[in-house]
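Working notes for the structure below.
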Ligand code: CTP
């Protein structure tokens with residue numbers, strides 16, 4: 014079988030040097046990669062590097078090897094085009110259909126999925142022109158990754174950093190695996206909560222749970238590959254931030270509620286995969302709680318936390334918003350799940366059985382997705398990304 018053909022477009026930003034690592038990963042994993050740098054990209058990394066790493070000449074203009082009509086062929090034959098880094102200028106050209114070099118021509122002729130990994134200074138990313146160009150590209154079905162937050166060129170920090178090449182590679186792998194399937198979440202904003210909340214007792218102790226965050230992170234990653242803008246509200250997960258996702262880190266249930274409600278204001282769907290503590294200590298001790306010889310410990314009084322899922326379901330931030338809950342059950346799994354679906358008022362409930370050795374921290378999951386009309390969608394034991402894709406398969410046709 015022919016190797017999948019990838020075009021790596023590189024535009025003129027300092028992160029071009031990191032694209033070398035992406036290129037290496039793509040070629041080493043068995044892809045046939047042609048690098049199409051812009052003229053400005055060559056100021057950062059030269060033609061020799063791209064040619065040596067890809068095994069093909071790296072061509073910038075449409076005037077070389079004209080008899081092969083490269084400005085049409087390269088885009089037509091590609092299985093995936095990834096532009097990394099994508100500068101503000103490149104996003105603008107792509108959004109407006111300009112075609113003044115080989116890369117912009119290739120973007121116009123490509124019939125395959127296109128991924129942009131923007132990298133620029135925060136001001137340029139937040140500029141209304143850039144934001145509108147990004148929205149246009151997403152609406153048309155391109156996967157535009159949210160830049161990471163962190164150190165930028167020079168001493169600045171902020172949003173605009175090029176995501177880790179390994180994470181961009183994973184996005185490419187997922188997008189390629191979807192083949193000809195349309196990016197059904199293109200132009201959508203989805204919110205996912207993940208991890209487990211921690212409710213502090215004193216400055217060093219908390220009540221927590223065993224959630225690793227893996228299922229929620231899988232939901233965020235798969236939504237990116239399906240074209241969505243994704244906000245991930247992550248409670249105490251040690252997993253690395255997935256590429257292309259806006260990550261809001263929180264600690265407690267109250268903080269999670271605030272972050273989820275804020276992000277949900279313009280969201281098409283909210284998936285509550287986080288394990289939210291139902292109770293928190295009634296009192297927070299400012300100093301460490303000390304044991305005293307001869308004295309019994311004080312009992313810990315608890316108060317109820319807000320039920321975020323029930324609140325989201327009862328009071329939809331926008332008409333047609335889809336709300337999905339998760340239920341972790343140890344006994345009477347389906348009966349408890351059905352009762353919980355009715356009680357919470359959400360549109361779908363993903364029910365899974367949990368226990369000491371099941372689900373928590375594992376790479377795999379098994380579940381049944383319940384809908385209010387009585388439909389049950391069983392998801393066999395498998396990777397958490399497969400369950401995540403089933404959730405999006407069920408959510409996507411309901412979006413209005
Ligand atoms: N959830 C929430 N806010 C809470 C508790 C839970 O939003 N305070 C959400 C979880 O994110 C999950 C769903 O509700 O999507 C189910 O959580 P679960 O803890 O299994 O249900 P409970 O409401 O705690 O019901 P029970 O205690 O009866 O198991």
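Residue numbers (my numbering): 14 to 413.
Note that the Cβ used here is the ideal one computed from N, Cα and C, for glycine as well.
#1: Quick one: what's got a C-beta closer than 6 angstroms to residue 227's C-beta in the same chain, skipping five residues either side?
#2: Who are the Cβ neighbours of residue 61 in its own chain at under 6 angstroms, not counting the five residues just before and after it?
#3: Near residue 298, what residues of its chain come up, given a Cβ to Cβ distance below 7 angstroms and the 5 sequence neighbours on each side ignored?
#4: CB of residue 133 to nearest heavy atom of ligand 1: below 8 angstroms?
#5: DSSP three-state call for residue 219: helix, strand or coil?
#6: Between residue 75 and residue 115, how many whole angstroms is the CB-CB distance? I'm expecting something under 8 angstroms.
#7: Entirely within the segment 95–166 and at least 3 residues each: give me those beta strand (DSSP E) ranges in chain order.
#8: Look at residue 184 and residue 282 and say whether their C-beta atoms are less than 9 angstroms apart.
#9: From the DSSP output, which residues share a beta bridge with residue 19?
#10: With DSSP as the reference, label residue 173 as helix, strand or coil.
#11: Is DSSP giving residue 37 helix, strand or coil here?
#12: For ligand 1, is there any heavy atom lying closer than 8 angstroms to the beta carbon of residue 322?
#13: Going by other Cβ atoms of all chains shown within 10 Å of its Cβ, with 16 needed for buried, is residue 106 buried or exposed?
#14: Could you check where the beta strand (DSSP E) with residue 361 kicks off and where it finishes?
#15: How would you write the range of the alpha helix (DSSP H) that residue 62 sits in, first residue to last?
#16: Tell me, please, which residues DSSP counts as bridged to residue 213.
#17: What three-state label does DSSP hand residue 259 in the structure shown?
#18: Counting C-beta neighbours from all protein chains within 10 Å, is the total for residue 310 16 or more, i.e. buried, or is it exposed?
#19: Which of the three DSSP states is assigned to residue 183 in this structure?
#20: Name the residue from 231, 219, 26 and 138 whose alpha carbon lies nearest to the alpha carbon of residue 395.
#21: Would residue 334 be called buried (16 or more neighbouring beta carbons within 10 Å of its own) or exposed?
#22: Do you know offhand how far residue 308's Cα is from residue 316's?
#23: Among 340, 126 and 351, which one has its Cα closest to the Cα of residue 238?
#24: Does the beta carbon of residue 157 sit closer than 9 angstroms to a beta carbon anywhere in chain B?
#25: Using three-state DSSP, classify residue 85 as helix, strand or coil.
#26: Counting along the chain, where does the alpha helix (DSSP H) carrying residue 347 start and finish?
#27: Can you list, in chain order, the residues of its chain whose CB lies under 6 angstroms from that of residue 222, leaving out five sequence neighbours each side?
#28: Taking DSSP as the reference, what is the three-state secondary structure of residue 245?
#29: For ligand 1, is there a heavy atom less than 8 angstroms away from the beta-carbon of residue 380?
#30: Taking the DSSP output, what are the residues bridged to residue 342?
#31: Given 8 angstroms as the limit, is there contact between the segment 348–364 and the segment 180–195, that is, 3 or more CB pairs closer than that?
#32: Using the C-alpha atoms, what's the distance from residue 300 back to residue 217?
#33: Pull up the DSSP beta-bridge partners for residue 208, would you.
#34: Using a threshold of 9 angstroms, state whether the C-beta atoms of residue 376 and residue 256 are closer than that.
#35: So, with DSSP's three-state summary, where would you put residue 232?
#36: Whole angstroms is fine: what's the gap from residue 179's alpha carbon to residue 155's?
Taking the structure as given:
#1: Along the chain shown, read from residue 1 onward, the residue named residue 227 stands at position 214. 397, listed in sequence order.
#2: Position 48 of the chain shown, counted from the start, is the residue given in the question as residue 61. Correct list: empty, nothing qualifies.
#3: The residue you call residue 298 lines up with position 285 of the chain shown. The answer, listed in chain order, is 214 and 215.
#4: Within the chain shown, the letter at position 120 stands for residue 133. No, the Cβ of residue 133 stays beyond 8 angstroms of every heavy atom of ligand 1.
#5: Looking up residue 219 in the chain shown gives position 206. DSSP places residue 219 in strand when its eight states are reduced to three.
#6: As a working note, residue 75 is residue 62 in the chain shown. As a working note, residue 115 is residue 102 in the chain shown. Rounded, the Cβ-Cβ distance is 5 angstroms, consistent with contact.
#7: 127–131 and 161–164
#8: Within the chain shown, the letter at position 171 stands for residue 184. Within the chain shown, the letter at position 269 stands for residue 282. Not a contact, by the Cβ cut-off of 9 angstroms.
#9: Counting from one through the chain shown, the residue named residue 19 turns up at place 6. In the DSSP output, where bridge partners are listed per residue, residue 19 has 46 and 93.
#10: One-based indexing of the chain shown puts residue 173 at position 160. Reduced to three states, the DSSP call for residue 173 is strand.
#11: Here residue 37 is taken as the residue at index 24 of the chain shown, counted from 1. Of the three classes helix, strand and coil, the one that applies to residue 37 here is helix, per DSSP.
#12: Sequence index remark: in the chain shown, residue 322 carries index 309 (1-based). Because some heavy atom of ligand 1 lies under 8 angstroms away, the Cβ of residue 322 counts as near it: yes.
#13: Locating residue 106 in the chain shown gives position 93, counting from the first residue. It counts as buried.
#14: The residue labelled residue 361 in the question sits at position 348 within the chain shown. First-last of the beta strand (DSSP E) with residue 361: 361–366.
#15: Taking the first residue of the chain shown as 1, we reach residue 62 at position 49. Start and end: 60–67.
#16: On the chain shown, residue 213 is found 200 positions in, with the first residue counted as 1. Answer is 219.
#17: As a working mapping, residue 259 is identified with position 246 in the chain shown. Residue 259 falls in the strand class under three-state DSSP.
#18: Here residue 310 is taken as the residue at index 297 of the chain shown, counted from 1. Burial call: exposed.
#19: Indexing the chain shown from 1 puts residue 183 at position 170. Residue 183: helix per DSSP, three-state reduction.
#20: What you label residue 395 is simply residue 382 of the chain shown in a count that begins at 1. Of the candidates 231, 219, 26 and 138, the one whose C-alpha sits nearest the C-alpha of residue 395 is 231.
#21: What you label residue 334 is simply residue 321 of the chain shown in a count that begins at 1. Burial call: buried.
#22: In the chain shown, the residue the question calls residue 308 occupies position 295. In the chain shown, the residue the question calls residue 316 occupies position 303. If I take the Cα positions, the gap works out to 25 angstroms.
#23: Position 225 of the chain shown holds residue 238. Measuring from the Cα of residue 238, the nearest candidate turns out to be 126.
#24: The chain inventory of the structure shown lacks chain B, comprising one protein chain alone.
#25: Counting from 1 along the chain shown, the entry for residue 85 is found at position 72. Residue 85: helix per DSSP, three-state reduction.
#26: Within the chain shown, numbered from 1, the residue matching residue 347 stands at position 334. Its alpha helix (DSSP H) spans residues 346–357.
#27: Taking the chain shown and counting its residues from 1, the one referred to as residue 222 is at position 209. Closer than 6 angstroms at the Cβ level, and outside the excluded window around residue 222, lie 209 and 288.
#28: By 1-based counting over the chain shown, the position of residue 245 is 232. Here residue 245 sits in strand by DSSP.
#29: Taking the chain shown and counting its residues from 1, the one referred to as residue 380 is at position 367. False, no ligand heavy atom lies under 8 angstroms from that Cβ.
#30: The sequence position of residue 342 within the chain shown is 329, counting from 1. Partner(s): 366.
#31: no
#32: Residue 217 sits at position 204 when you count from the first residue of the chain shown. Residue 300 sits at position 287 when you count from the first residue of the chain shown. Distance between the alpha carbons of residue 217 and residue 300 is about 9 angstroms.
#33: In the chain shown, counting from the first residue as 1, residue 208 sits at position 195. Paired residue(s): 248.
#34: Counting from 1 along the chain shown, the entry for residue 376 is found at position 363. Counting from 1 along the chain shown, the entry for residue 256 is found at position 243. Not a contact, by the Cβ cut-off of 9 angstroms.
#35: Working through the chain shown from its first residue, we reach residue 232 at position 219. It is helical.
#36: Within the chain shown, the letter at position 166 stands for residue 179. Within the chain shown, the letter at position 142 stands for residue 155. So the alpha carbons of these two residues sit roughly 20 angstroms apart.
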